[in-house]
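A quick write-up on the structure given underneath.
Protein chains in written order, with our numbering: chain C, 1 to 308; chain R, 1001 to 1264.
Printed below as a string of structure tokens:
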């Protein structure tokens, strides 16, 4: 069963197309990443799913209910869109109480979600005094008030320091372990690599990839980076190995042999046979970010100008 | 709607906001009575062409209703404060991004407006009560300027209650207009600027134009409601016009909130 399904979902802002006929299904369970560069349409997609904006054309459903009537699923979905939002002059507790009243939730849930995000003890301080990390945690607490089946979080680690990012990641993992489906957007695939079970990559409103994270990881290509003892020999070494049938790519500070998984010894012997001594030799895979960049690279689109 | 009302009431309970609102109300009440005392003492009559304030005549001040004259005289100024608070409270949803959370929680949207209006109606009732008390406390300033206060005690409870009702109704119209402009512009500053510009500049200028039909103008209408009717406009007529402003403002705000994309 899919928690979110879209069909030819399109949204235009004037001449700019933020979503261009997006068709995708997100499975239930786990942490699902929605990734794309800034202006790719992630936030537009999330806003449409939450009923904040209407699509120009196309259909979508959330938890099996059509987005034309968000009242049918609003109570089952928690969300944080872009930055967390609250009344800065009020305490975290008062902000949560206000939302609990609006959601028709027992106020006892306020203590539960405060404990869940680790804000108990700081909950009576004005939110304006909170650090960015605490504000993000409060935003997540607000999204958890109804104990939702589905959480949609738009860039929840935006602006956080490394410690804050680790904290939020662990929280998202925990929420997924509790049985929820967590949909989290980011413009960095590497940020989601550690936590996502499934990933959707979009660029300028078009689907680039949708599938399990493991499937995406298969796209990373093994390679060997190496350098001769003397930098001046680099060009000659690269030519010699290319002539010997290796796929060679010159890079800044290194030579790269592509599609060379498990062949470090062969390469070392080939270099020695050609009369070169290697001073540096390391086997590695392309990073997910490289894969992401190769998928999302392209001409600058007008969509980049939209806060989408 | 009751859920939205409770939610808005929680947010409206911010002490700083209430302190500014109620504080300004008290200051205005004392200020207008002090100015009335000075004007009556020096000129002996009211009706000076002061933007936002309709000074009563000496006869009006010396009547039974004179004790609460300050409340209706500064109706537009109180109204400006009410408009500003309603507008600020509404626009804050947009400037803080809270509107995203609210609409995601209540996709029907109209209960958000209804709940906010209900909470602000309650707070406006408190503000009007404070204004009435402050006016009562400040009224001796006028008495000290040589105005006869003999009639003030003759029917005081009725006068105070009527003055409260009239002032409250006028404040509600101001507030709803502030809310409507804030929903339209998503900015408290713009809403307040429009309100102040209208009360202090536009309407006085219109009135200065000879033979201009000014009875239906907003400030005049609301001053008429606040003072319980004038010789030229009956209270019922002004109330009907005020109600039309409220209905129009609420319909516009609700329609805009329901139709507009939430991109803030």
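Don't be surprised by glycine CBs; every beta carbon is placed ideally from N, CA and C.
Per-residue contacts from residue i into chain D (C-beta, under 8 Å)
{"i": "residue 1096/R", "result": "In the structure shown, chain D cannot be found, because the protein chains are C and R."}
Residue environment, residue i, which counts as buried when at least 16 other CB atoms sit within 10 Å
{"i": "residue 117/C", "result": "buried"}
{"i": "residue 180/C", "result": "buried"}
{"i": "residue 1/C", "result": "exposed"}
{"i": "residue 1058/R", "result": "buried"}
{"i": "residue 1221/R", "result": "buried"}
{"i": "residue 259/C", "result": "exposed"}
{"i": "residue 54/C", "result": "exposed"}
{"i": "residue 110/C", "result": "buried"}
{"i": "residue 1092/R", "result": "buried"}
{"i": "residue 1178/R", "result": "buried"}
{"i": "residue 162/C", "result": "exposed"}
{"i": "residue 178/C", "result": "exposed"}
{"i": "residue 68/C", "result": "exposed"}
{"i": "residue 252/C", "result": "exposed"}
{"i": "residue 287/C", "result": "exposed"}
{"i": "residue 1231/R", "result": "exposed"}
{"i": "residue 15/C", "result": "exposed"}
{"i": "residue 154/C", "result": "buried"}
{"i": "residue 1176/R", "result": "buried"}
{"i": "residue 1201/R", "result": "exposed"}
{"i": "residue 38/C", "result": "exposed"}
{"i": "residue 1261/R", "result": "exposed"}
Secondary structure of residue i, DSSP reduced to three states
{"i": "residue 15/C", "result": "coil"}
{"i": "residue 161/C", "result": "coil"}
{"i": "residue 1262/R", "result": "coil"}
{"i": "residue 1236/R", "result": "helix"}
{"i": "residue 1166/R", "result": "helix"}
{"i": "residue 22/C", "result": "strand"}
{"i": "residue 218/C", "result": "coil"}
{"i": "residue 348/C", "result": "This structure cannot settle anything about residue 348/C, because the visible part of chain C is limited to 1 through 308."}
{"i": "residue 1140/R", "result": "helix"}
{"i": "residue 142/C", "result": "helix"}
{"i": "residue 1001/R", "result": "coil"}
{"i": "residue 155/C", "result": "coil"}
{"i": "residue 1281/R", "result": "Because chain R here runs from 1001 to 1264, residue 1281/R falls outside it and cannot be looked at."}
{"i": "residue 1056/R", "result": "coil"}
{"i": "residue 257/C", "result": "strand"}
{"i": "residue 227/C", "result": "strand"}
{"i": "residue 1146/R", "result": "coil"}
Euclidean distance between Cα positions of residue i and residue j
{"i": "residue 175/C", "j": "residue 1187/R", "result": "37 Å"}
{"i": "residue 227/C", "j": "residue 262/C", "result": "18 Å"}
{"i": "residue 1257/R", "j": "residue 134/C", "result": "30 Å"}
{"i": "residue 1227/R", "j": "residue 1160/R", "result": "12 Å"}
{"i": "residue 285/C", "j": "residue 294/C", "result": "14 Å"}
{"i": "residue 1195/R", "j": "residue 1117/R", "result": "18 Å"}
{"i": "residue 1204/R", "j": "residue 1167/R", "result": "21 Å"}
{"i": "residue 122/C", "j": "residue 92/C", "result": "8 Å"}
{"i": "residue 1063/R", "j": "residue 1151/R", "result": "6 Å"}
{"i": "residue 264/C", "j": "residue 270/C", "result": "10 Å"}
{"i": "residue 1246/R", "j": "residue 1253/R", "result": "10 Å"}
{"i": "residue 231/C", "j": "residue 278/C", "result": "10 Å"}
{"i": "residue 81/C", "j": "residue 157/C", "result": "12 Å"}
{"i": "residue 188/C", "j": "residue 142/C", "result": "24 Å"}
{"i": "residue 1129/R", "j": "residue 1163/R", "result": "10 Å"}
{"i": "residue 190/C", "j": "residue 289/C", "result": "6 Å"}
{"i": "residue 247/C", "j": "residue 44/C", "result": "41 Å"}
{"i": "residue 95/C", "j": "residue 46/C", "result": "23 Å"}
{"i": "residue 1255/R", "j": "residue 24/C", "result": "33 Å"}
{"i": "residue 128/C", "j": "residue 26/C", "result": "36 Å"}
{"i": "residue 255/C", "j": "residue 223/C", "result": "10 Å"}
{"i": "residue 167/C", "j": "residue 86/C", "result": "21 Å"}
{"i": "residue 215/C", "j": "residue 207/C", "result": "16 Å"}
{"i": "residue 1104/R", "j": "residue 66/C", "result": "15 Å"}
Nearest-angstrom Cβ-Cβ length linking residue i and residue j, presumed shorter than 8 Å
{"i": "residue 33/C", "j": "residue 186/C", "result": "6 Å"}
{"i": "residue 146/C", "j": "residue 78/C", "result": "6 Å"}
{"i": "residue 1080/R", "j": "residue 1135/R", "result": "Contact flag wrong, Cβ pair sits at about 17 Å."}
{"i": "residue 70/C", "j": "residue 58/C", "result": "Not confirmed; about 16 Å, so no contact."}
{"i": "residue 1028/R", "j": "residue 1074/R", "result": "6 Å"}
{"i": "residue 1225/R", "j": "residue 1170/R", "result": "4 Å"}
{"i": "residue 292/C", "j": "residue 201/C", "result": "7 Å"}
{"i": "residue 1209/R", "j": "residue 1036/R", "result": "At roughly 27 Å, the Cβ-Cβ gap does not stay under 8 Å, so residue 1209/R and residue 1036/R are not in contact."}
{"i": "residue 149/C", "j": "residue 63/C", "result": "6 Å"}
Where are the alpha helix (DSSP H) runs, 4 residues long or more, that stay fully inside the segment 44-111 of chain C, in chain order? Within the segment 44-111 of chain C, complete alpha helix (DSSP H) segments of at least 4 residues are found at 92-103, given in chain order.
Any beta strand (DSSP E) of 3 or more consecutive residues that is wholly inside the segment 172-215 of chain C: Look at the segment 172-215 of chain C and you find these whole runs of beta strand (DSSP E), each 3 residues long or longer: 181-186, 198-203, 206-212.
If you scan the segment 1082-1106 of chain R from start to end, which runs of the alpha helix (DSSP H) of 4 or more residues do you find wholly inside it? Whole alpha helix (DSSP H) segments, 4+ residues: 1098-1105.
Return the chain-ordered ranges of every alpha helix (DSSP H) run that is complete within the segment 1165-1208 of chain R and spans a minimum of 4 residues. Within the segment 1165-1208 of chain R, the complete alpha helix (DSSP H) runs of at least 4 residues are 1188-1197, 1203-1208.
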